[in-house]
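Report on the following structure.
2 protein chains.
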Amino acid sequence: MTEAHERKKQPEIVRRALLDCAAQISQEQGLPAVTLQAVADAAHVTKGGLLHHFPNKQALVQAVFHDLLEQLDAQIDDLLEKDPDRHGRFTRAYIRAFANAESEGASNWNALPLSSLTDPEMKAMWSEWYASRLARHSETDAGPELGIARYAADGLWLAGLLEYSGVEAAGQDALIEQLISITRKKQT
Amino acid sequence: MTEAHERKKQPEIVRRALLDCAAQISQEQGLPAVTLQAVADAAHVTKGGLLHHFPNKQALVQAVFHDLLEQLDAQIDDLLEKDPDRHGRFTRAYIRAFANAESEGASNWNALPLSSLTDPEMKAMWSEWYASRLARHSETDAGPELGIARYAADGLWLAGLLEYSGVEAAGQDALIEQLISITRKKQT
DNA sequence: CGAAACAAACCGACCATCTGGTATGTTTAT
DNA sequence: ATAAACATACCAGATGGTCGGTTTGTTTCG
């Protein structure tokens, strides 16, 4: 990833590189391809160096996941601020965040979360995040239509991973806007 | 899985057992855990025996996926028949099929599709299936609301895999019915 | 100030285990 | 008898992980 080469002992940079590289590999070639060797090579570090930062593979993968979760969290907070309407704020931010994750180049947020659904600890991490987030926005995002809209966003994101090569970008944007509009209806 | 033990040379049964066991392992421990040895052991066959049925691992996994696709296809056809309304038939069947996949015990249809999203061939298999199915039902299931409903079903299914242990079954059923109701609106 | 002391960052070699896969034998059904 | 349905033995490579050592940075102290 970033050229940690020639740099002299910058642990945080190396750690970041390892995280990013692992995420990228996972995204491009799937979780099974995320091997210690591959990640180390990609980050221009030896396997020993990698294992200094992360005690084992599980720790590495979980760290990547945690990192991605933080990014998502930050992005949602950002979108949340810019939204003037109260009702359904979080849901809109959620939809947009996942839509971005799909389209933008900065889409680390891809294959990893899927493959890692098998790992109970990562399952728990996501569940916790989602639950706490829902609790925090219970006043503005409790309606069932909003829940559906969020589920649809998940499905849309999933479809993006599958590259339904037929429809693609054109229809996607329209669908997203339609989801957003659902969010604004029924201001009880 | 099924006790192929003590049975004398029943290739089809063994093949089924292999398929089922592979699906189960993938579902419980993730795709990386689906090793030739593990599958063979679970089906009470040796690795050699397995490789007699499937020339290599990829063939095995793809066969599992193909099998699951067929099951889904059959289930949808079944649901399709029972539905008197024309408009949105396929979407309703799709929703119900995925809802069942989640709740029923016969839920082989789980982690595999996810993990296998990395495999281009399986991606293609799903894309093809979905596209052809959409084409077949273009007259009854073309509306954007229906697309959203289907996406939401996907998201709901995904959420099921994650076991949002908080909400669960009670809310799920209500949500599904709500999705179905979306399907019936706007009979243009 | 400067050098010794210490710890963190990183490397390189090594290892037990497991992986997918082959090659060859043995049993069973037709 | 012949071919399919299995089992057994084996292999080369990769994998996750350990361990001892070397380099670099930081602190301590005279």
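For the protein sequence lines, the chains are A and B, in the order given. With my numbering as the guide, the letters of the first sequence map in order to residues 1448 to 1635. With my numbering as the guide, the letters of the second sequence map in order to residues 1448 to 1635. Beta carbons: idealized from backbone N, C-alpha and C, even for Gly.
- Listed along chain B are Ile1595, Ala1596, Ala1599, Gly1602, Leu1603, Leu1622, Gln1625, Leu1626, Ile1629, each with a C-beta nearer than 9 Å to that of A/Ile1595.
- Within the segment 1467-1479 of chain B, those residues whose Cβ lies closer than 9 Å to any Cβ of chain A are, in chain order, Ser1473, Gln1474, Glu1475, Gln1476, Gly1477, Leu1478, Pro1479.
- For A/Leu1626, same chain residues with a beta-carbon under 7 Å away, outside a window of 5 residues either side, are Ile1542, Ala1596, Ala1599, Ala1600 in chain order.
- Non-local beta-carbon contacts of B/Ala1540 in its own chain, meaning distances under 7 Å to residues more than five positions away in sequence, involve Ile1523, Leu1526, Leu1527, Asp1530 in chain order.
- Across the structure, A/Arg1580 and B/His1500 are spaced so that their CA atoms are roughly 48 Å apart.
- Scanning its chain for C-beta atoms nearer than 8 Å, with the 5 sequence neighbours on each side dropped, one finds around B/His1513 the residues Met1572, in chain order.
- In this structure, the CA atom of B/Ala1510 is about 12 Å from the CA atom of B/Ser1563.
- Not a single C-beta of chain B is nearer than 9 Å to the C-beta of A/Thr1538.
- In the structure shown, the three-state DSSP call for B/Thr1630 is helix.
- Less than 9 Å divides the Cβ of A/Val1486 from the Cβ of A/Leu1507.
- One thing to note: B/Leu1593 has its Cβ within 9 Å of the Cβ of B/Thr1630.
- Secondary structure within the segment 1541-1599 of chain A: the alpha helix (DSSP H) runs of 4 or more consecutive residues, fully enclosed, are 1558-1562, 1567-1583 (chain order).
- Under the 10 Å beta carbon count, A/Gln1457 is surrounded by fewer than 16 other beta carbons and is classified as exposed.
- The continuous alpha helix (DSSP H) containing A/Glu1459 extends over residues 1458-1476.
- Membership of B/Gly1496 in the alpha helix (DSSP H) is indicated by the continuous run 1494-1500.
- In this structure, A/Asp1566 keeps its C-beta atom at 9 Å or more from the C-beta atom of B/Gly1607.
- In this structure, A/Glu1475 and B/Lys1570 do not form a Cβ contact; the two beta carbons are roughly 13 Å apart against a cut-off of 8 Å.
- Taking each of B/Lys1632, B/Arg1536, B/Ser1628 in turn and checking the Cα distance to B/Thr1587, the smallest one comes out for B/Arg1536.
- Listed along chain B, no residue sits closer than 9 Å to A/Ala1544 by beta-carbon distance, the nearest being about 14 Å off.
- Counting the other CB atoms within 10 Å of its CB gives A/Ala1621 a total below 16, which places it among the exposed residues.
- Within the segment 1563-1592 of chain B, the residues whose Cβ lies closer than 7 Å to any Cβ of chain A are, in chain order, Leu1564, Thr1565, Lys1570, Trp1573, Ser1574, Tyr1577, Ala1578, Pro1591.
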